[in-house]
Amino acid sequence: MRKKLLLGNWKMNKTVGEAKEFASQTAELVKFAKANKVLVGVAPTYLCLETVKKKAKGMIVAAQNCHFEDKGAFTGEVSIPMLKDLGIKWCIIGHSERRTYDNETNEKCNKKIAKLVANDMVPVYCVGETLEQYEANDTKKVVKTQVEEGLANLPVDSVKNIVVAYEPVWAIGTGKNASEAIAEDICGFIRKTIRKMYGAKAANKVLVLYGGSVKPENIKAYLSQPNVDGALVGGASLKIDSYEAMLHNLVK
Ligand code: PEP
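To convert a position in the sequence shown, counted from 1, into the numbering used here, add 10.
Printed below as a string of structure tokens:
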């Protein structure tokens with residue numbers, strides 16, 4: 011059986027001090043998550059990774075991005091060996107904000123994902139359609155291309171460890187969340203696409219998350235869907251109280 015995963019994406023929020031404060035309040039929730047077989051994690055900025063890793067024992071600590079080269083003349087970038095050196099094993103790839111503002115293409119995502127899995131790390135690959143694409147009924151076409159191109163040519167054995175997050179762009183940070191029926195339909199479609207690419211064994215193990223205005227009040231409805239294995243959460247993951255409330259509500 012697949013585990014449930016609650017992953018907070020802190021984006022460009024929190025100073026090191028603020029991240030430390032959050033991390034130092036996680037012991038109880040980690041205990042609760044373990045007892046209920048839920049994986050919990052957060053993705054702080056690069057600056058806060060080390061602090062959160064040290065303070066939030068038992069939590070997954072993910073980077074929000076990485077470069078596909080190990081080192082070199084790439085000003086402002088951070089490489090996979092640098093993340094590994096801090097004990098970071100998870101990394102978000104292709105978040106829609108990076109696709110929009112940083113020209114993150116499916117091809118670039120694929121290079122990063124290939125490098126991450128070669129390093130036994132876990133990519134959390136984000137896919138999802140814009141409002142325009144949603145209104146044009148193009149969701150499945152867009153998501154299929156993102157999955158096929160972003161997850162192309164990977165070693166079959168590595169695919170089972172990948173996490174995919176379906177995040178409709180129109181639902182991120184807008185308070186306009188997709189219905190649980192849409193989330194289930196597209197998360198199931200992502201699994202089906204992976205099955206066609208890499209077979210049932212891999213597809214049945216891949217965790218598929220929903221993301222987009224998830225909060226304590228609606229998390230349970232998503233997590234009750236058979237193909238939704240967890241949530242990638244922005245705004246509601248920033249405060250320890252609402253993070254904790256999401257965890258408690260999702261296991262209820
Ligand atoms: C996100 O950043 O991945 C996200 C889903 O944000 P929010 O929960 O704030 O919509």
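All C-beta atoms in this analysis are idealised placements derived from N, C-alpha and C, irrespective of residue type, glycine included.
Report the rounded CA-to-CA distance for V40 versus D148, giving the unit in angstroms.
-> 39 Å
Could you name the residues that DSSP lists as bridge partners for P133?
-> C101
Reducing DSSP to helix, strand and coil, say where S106 ends up.
-> helix
Looking only at its own chain, which residues have a Cβ that is under 7 Å from the Cβ of L57, when we skip the five neighbours before and after it?
-> V26
When every heavy atom of ligand 1 is checked, does at least one fall within less than 7 Å of the C-beta of S189?
-> no
Three-state class that DSSP yields for S223 in the structure shown | coil
Do the stretch 156-171 and the stretch 84-100 meet, that is, are 3 or more Cβ pairs less than 8 Å apart?
-> no
For I182, does the three-state DSSP call read helix, strand or coil?
-> coil
Counting along the chain, where does the beta strand (DSSP E) carrying A72 start and finish?
-> 70-73
Can you have a look at V166 and say buried or exposed, based on whether 16 or more other CB atoms are within 10 angstroms of its CB?
-> exposed
Using the Cα positions of N259 and G240, report the straight-line distance between them to the nearest angstrom.
-> 12 Å
In this structure, what does DSSP give as the bridge partners for K14?
-> V48
Across which residues does DSSP place N19 in a beta bridge pair?
-> A53
For the stretch 113-170, list the beta strand (DSSP E) runs that are entirely contained and at least 3 residues long, ordered along the chain.
-> 132-137
Comparing alpha-carbon positions, which option in A181, Y220, L126 lies nearest F78?
-> L126
Top-ranked residue by Cα proximity to L59, from A33, E159, R201 = A33
For S247 versus E177, is the C-beta distance shorter than 8 Å?
-> no
Between the C-alpha atoms of N224 and G82, what's the straight-line distance to the nearest angstrom?
-> Per the sequence shown, the amino acid found at residue 224 is Val instead of Asn. V224 and G82: Cα-Cα distance of roughly 38 Å.
Out of curiosity, what's the CA-to-CA distance linking K202 and V134?
-> 18 Å
Cβ-Cβ distance between S161 and L15 below 8 Å | Note on residue identity: the sequence assigns Leu, not Ser, to residue 161. In this structure, L15 does not lie closer than 8 Å to L161 by Cβ.
Which two residues bound the contiguous beta strand (DSSP E) that contains G27?
-> Careful: G27 lies outside any beta strand (DSSP E), inside the alpha helix (DSSP H) at 26-33.
Roughly how many angstroms separate the alpha carbons of V48 and P54, rounded to a whole number?
-> 20 Å
Is it true that the stretch 225-244 meets the stretch 206-214, where meeting means three or more beta-carbon pairs spaced less than 8 Å apart?
-> no
Cβ of N19 within 7 Å of any heavy atom in ligand 1?
-> yes
Enclosing beta strand (DSSP E) for L248 [first to last residue] | Where L248 is concerned, there is no enclosing beta strand (DSSP E), given that its DSSP letter is neither H nor E.
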